[in-house]
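Participant:
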Amino acid sequence: MSDTPRWSVVVPAFNEACRLPPYLDEIVAYFEGRGDPYEVIVVDDGSTDDTVARVEHVRCAHPPVRLLRLGENRGKGAAVRAGMLAARGHYRLFADADGATRIGELKRLEPLLMGGADLAIGSRAQPDAGVSVVALPHRVAAGRVFNWLVARLGLPEVSDSQCGFKAFTAAAAADLFARLSTRGFAFDVELLLLARAAGYRIAEAAVNWTDQPGSKVGVLKDGPGMLWQILRARRRIVRRS
Ligand SMILES: Nc1nc2c(ncn2[C@@H]2O[C@H](COP(=O)(O)OP(=O)(O)OP(=O)(O)O)[C@@H](O)[C@H]2O)c(=O)[nH]1
Ligand SMILES: [Mg+2]
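All residue numbers for the sequence shown refer to this note's numbering, where the first residue is 3 and numbers rise by one.
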C-alpha cells in the first residue's frame, strides 16, 4: 500500500483463533466501507493455536492486514508496543481481539483526536445514557477498585485506565510507545502516566462494551502483579522528571 494509512489498528492476539477472526472481518469491512487507506496489524507472540493461520487467511484477501510475529510470549503490553511502533497511520488505535468494543465505536474517539486531543481513550466507567456496558458484576467491582487505586497512584482524571480501545495521534504514539517498559496488562497505566507527565491531552469517551468469554486476565491471578508493575512504572517516571 503506497498511501499513508489514515488509521492503523493494532490488535494484540495470543491464542485468539476463535475470538479474533470475526472481529478482524468486522474491522476490515468497517474500513473498506469508509474508503480511507488503513492498515490492521495483528501482533502474535507465540500463540499455540491457529491464530497465525487464521490471520494469514484474511491477509490473502485483504493486503492492509499485516501480521507481526514476535519470537516469544512477552505479554499484551509488549505486543501492543511492537504493533504501535510498526504502525504508519496518521492515527493509531489498539483494540482487543475479542471484539468487546465494536470497531464502529471509533466514531466516539475520532472526533476527540480531530478536536485536538493527543490520546482518545475508551471508558466503561463514564456515565452515558447512550452506551451500555455488559459485564459480570465481580468484574465491574474489580474494575472500580482498580480505577480507584489508579486514581490515587497518579491518574485522578482517568475513569477507566484498562479499556482495551485507545486511539492516538501518530506523534503521541511514536513517543509514548518508544518509552513504554511494562510488558504485561498494566501497560495502559504506564502509558497514561507517561502521557500525563509529558503534557499530552488525554480525552475520554464512554464506549459500548460487552464482556466476551475467554478473558485472559484474572483479578486474583493478575491483580497483584499489575499493581507491582504500576508502582515500578510510577517510580521510573518520577525519577526521570
Ligand atoms: N500478543 C499478545 N496478546 C495478548 C497477550 N495477553 C493478552 N493479549 C491480548 O490482549 C487482549 C485482551 O485480552 P482479554 O483476554 O480480552 O482481556 P481483557 O480484555 O484485558 O480483559 P477483560 O476485561 O476480561 O476483557 C486480547 O486481544 C488478547 O489476545 C500476550 O501475551 N500476547
Ligand atoms: Mg476482553
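Virtual Cβ for every residue (Gly too), placed ideally from N, Cα, C.
(1) Taking all protein chains shown into account, do 16 or more other C-beta atoms lie within 10 angstroms of the C-beta of S125, making it buried, or fewer, making it exposed?
(2) When the distance is taken between beta carbons, is L26 closer than 8 angstroms to V42?
(3) Mind checking whether the beta-carbon of K109 lies closer than 7 angstroms to any heavy atom of ligand 1?
(4) What does DSSP give as the partner residue(s) for D46 in the beta ladder?
(5) Starting from the C-beta of K78, find all residues in its chain whose C-beta is less than 6 angstroms away, skip the five residues before and the five after it, and write them out in chain order.
(6) Would you decide whether L138 is buried or exposed? Buried here means 16 or more other CB atoms lie within 10 Å of its CB.
(7) Between the region 154 to 170 and the region 93 to 109, can you find at least three pairs of beta-carbon atoms closer than 8 angstroms?
(8) May I ask you to verify whether the region 118 to 134 touches the region 33 to 47, counting CB pairs closer than 8 angstroms and requiring at least 3?
(9) With DSSP run on the structure shown, which of helix, strand or coil describes E28?
(10) Quick one: is the Cβ of P18 within less than 7 angstroms of any heavy atom of ligand 1?
(11) Answer yes or no: the CB of P66 versus the heavy atoms of ligand 1, is any distance below 7 angstroms?
(12) Is it the case that the CB of G225 approaches a heavy atom of ligand 1 more closely than 7 angstroms?
(13) For S243, count the other beta carbons within 10 Å of its own beta carbon; 16 or more makes it buried, fewer makes it exposed. Which is it?
(14) Buried or exposed, going by whether 16 or more other CB atoms sit within 10 Å of the CB of E206?
(15) Which ranges does the beta strand (DSSP E) cover as unbroken runs of at least 3 residues, wholly within the region 72 to 125, from first to last along the chain?
Facilitator: Taking the structure as given:
(1) buried
(2) yes
(3) no
(4) A15, R71
(5) P14, F187
(6) exposed
(7) Cβ pair count under 8 angstroms is three or more, so yes.
(8) no
(9) helix
(10) Note on residue identity: the sequence assigns Glu, not Pro, to residue 18. Within the cutoff, so yes.
(11) no
(12) no
(13) exposed
(14) buried
(15) 93 to 97, 121 to 125
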